[in-house]
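Structure first, then comments.
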Amino acid sequence: MVGGGNSGIEAAIDLAGIVTHVTVLEFGAELRADEVLQRKARSMGNIRIITQAQTTEVLGDGQRVTGLRYTERDSGESQDLALAGIFVQIGLVPNTEWLQGDIALSPQGGIEIGSRGETSLRGVFAAGDVTTVPFKQIVISMGSGATTALGAFDYLIREPIGESETVAAA
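Per the working numbering, the very first residue in the sequence shown carries number 4; after that it's consecutive.
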């Protein structure tokens with residue numbers, strides 16, 4: 004697992020329940036995950052945490068991943084880590100700075116939405132990981148997208164037709 008924030012440590016905890024061993028590589032001197040997640044990860048016997056690790060290369064045999072090379076940031080030494088898979092969980096900061104001042108954002112930058120995906124700006128809807136949904140998973144984003152699409156459809160069919168709009172009759 005590359006990344007020692009909440010998403011990386013949560014994923015490491017999940018993986019530790021189904022694989023033999025999980026190694027977490029964190030670029031910084033300490034994990035950034037919430038303390039409760041760090042305690043849980045450290046309590047599990049099959050999670051190893053390496054800090055000050057700069058991932059530099061994915062190693063493979065031409066068919067599959069076989070390892071990962073990283074540099075120990077404090078010593079500058081290169082290390083190879085044999086592994087069967089790599090998960091990258093670095094950063095859940097949504098790319099929403101362009102919306103500031105127009106749409107309500109959480110302190111972390113997520114778009115605040117209602118139960119139908121509606122935002123604070125009338126007629127604008129949002130779905131998925133860019134919103135304030137608590138779990139960032141593909142299946143949750145898919146469901147959020149379906150809910151938001153239905154919410155937007157419902158909004159559109161209930162909006163009155165403006166005077167400048169015409170309805171074509173067949």
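Cβ coordinates follow ideal geometry from the N, Cα and C atoms, glycine included.
Scanning its chain for C-beta atoms nearer than 7 angstroms, with the 5 sequence neighbours on each side dropped, one finds around Leu-124 the residues Asp-105 and Ile-106, in chain order. Under the Cβ criterion (8 angstroms, minimum of three pairs), the region 119–135 does not count as touching the region 20–39. The C-beta distance from Thr-58 to Gly-31 rounds to 13 angstroms, too long to meet the 8 angstroms contact threshold.
Rounded to the nearest whole angstrom, the CA to CA distance from Ser-78 to Asp-157 is 59 angstroms. The Cβ-Cβ distance between Phe-138 and Gly-154 does not fall below 7 angstroms. In this structure Leu-71 touches Leu-84 by the C-beta definition: roughly 5 angstroms separates them, less than 8 angstroms. Val-68 sits exposed, since fewer than 16 C-beta atoms from the chains shown fall within 10 Å of its C-beta.
A Cβ-Cβ distance of about 6 angstroms is found for the pair Asn-49 and Val-25, placing them in contact under the 8 angstroms criterion. Leaving aside the five residues that flank Pro-97 on each side, the residues in its chain whose CB is nearer than 6 angstroms to its CB run, in chain order, Gly-112, Gly-113 and Val-133. Contact annotation: Val-27 and Ala-15 have beta-carbon atoms nearer than 7 angstroms. Looking only at Ala-149, Val-91, Ala-87 and Glu-80, the smallest Cα-Cα distance to Gln-66 is reached by Ala-87.
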